[in-house]
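Number 58 in the UniProt record's numbering belongs to position 58 of the sequence shown; there are no gaps in the numbering.
These notes are about the structure you will find just below.
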Amino acid sequence: MNLTNFNTSEEFFVDMQRCIGCKACEMACAECETNGQQTLISVNYVDRAATIQTTVQVCMHCEDPVCANVCPADAISQDEFGVVHTANTERCIGCSNCVMACPFGVPKKVEEYDLMMKCTMCYDRTSVGKKPMCATVCPSGALFYGTRNEIEEMRPNSTPINNFIFGKEKVKTKVNIMMPKGSTELRIY
Numbered sequence: 001m002n003l004t005n006f007n008t009s010e011e012f013f014v015d016m017q018r019c020i021g022c023k024a025c026e027m028a029c030a031e032c033e034t035n036g037q038q039t040l041i042s043v044n045y046v047d048r049a050a051t052i053q054t055t056v057q058v059c060m061h062c063e064d065p066v067c068a069n070v071c072p073a074d075a076i077s078q079d080e081f082g083v084v085h086t087a088n089t090e091r092c093i094g095c096s097n098c099v100m101a102c103p104f105g106v107p108k109k110v111e112e113y114d115l116m117m118k119c120t121m122c123y124d125r126t127s128v129g130k131k132p133m134c135a136t137v138c139p140s141g142a143l144f145y146g147t148r149n150e151i152e153e154m155r156p157n158s159t160p161i162n163n164f165i166f167g168k169e170k171v172k173t174k175v176n177i178m179m180p181k182g183s184t185e186l187r188i189y
């Protein structure tokens, strides 16, 4: 029996060009009771010496999560909906293998708890049919949680992609990045 109300037709979309650096997403994330008041999302400057452009960093929820694959304690799990969860506090040994292995640089070791923590797509909310906190407060629409049809209507000149290539490594994710129309992947060299 499925005890969740996770809406599988809704997806997470990130439009980096729309991030205005307000950090409302960080504040909303820190208010989440299940995070221990830690923000599990981050806003970063692209090149602060040259521009004020910021980007937002969330867990991409990889289909084959390397963070879980390198965990010697089997502390990181992925559920049937593709959500990769923060390390289980009873199992995590604080080794930081996951931190070093993530191609997106997402997991953080929180020294205070000696635990790896990362965005869980607000599973406490999404599992009961609500949207992630960060997406509900983003004033510029850089973070959006909804259907593919909704995002295509909102951003007719963009294409959501979830295929990334890091050198020879291919990574497919649950989270989509908005790219110029017609894009199929993002290559990172």
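Glycine residues also receive a C-beta, built at the ideal position from the N, C-alpha and C atoms.
Cβ separation of residue i and residue j, assumed to be a contact under 8 Å, to the nearest whole Å
i           : j           : result
residue 178 : residue 160 : 6 Å
residue 36  : residue 113 : 7 Å
residue 121 : residue 99  : Between residue 99 and residue 121 the Cβ distance is about 19 Å, and since that is not below 8 Å, they are no contact.
Cβ-based burial, residue i [other Cβ within 10 Å; buried from 16]
i           : result
residue 58  : buried
residue 193 : Here the chain comprises residues numbered 1 to 189, so residue 193 is not present and cannot be evaluated.
residue 54  : buried
residue 174 : buried
residue 52  : exposed
residue 96  : exposed
residue 162 : buried
Three-state class that DSSP yields for residue i in the structure shown
i           : result
residue 62  : strand
residue 155 : coil
residue 178 : strand
residue 55  : strand
residue 7   : coil
residue 184 : coil
residue 31  : coil
residue 17  : helix
residue 26  : helix
Residue i to residue j span [Cα, whole Å]
i           : j           : result
residue 131 : residue 48  : 31 Å
residue 169 : residue 83  : 21 Å
residue 142 : residue 32  : 20 Å
residue 110 : residue 50  : 31 Å
residue 42  : residue 92  : 22 Å
residue 79  : residue 149 : 25 Å
residue 56  : residue 19  : 7 Å
Alpha helix (DSSP H) segments (min. 4 residues) lying fully within the stretch 85-166: 97-101, 123-126, 133-137, 148-154
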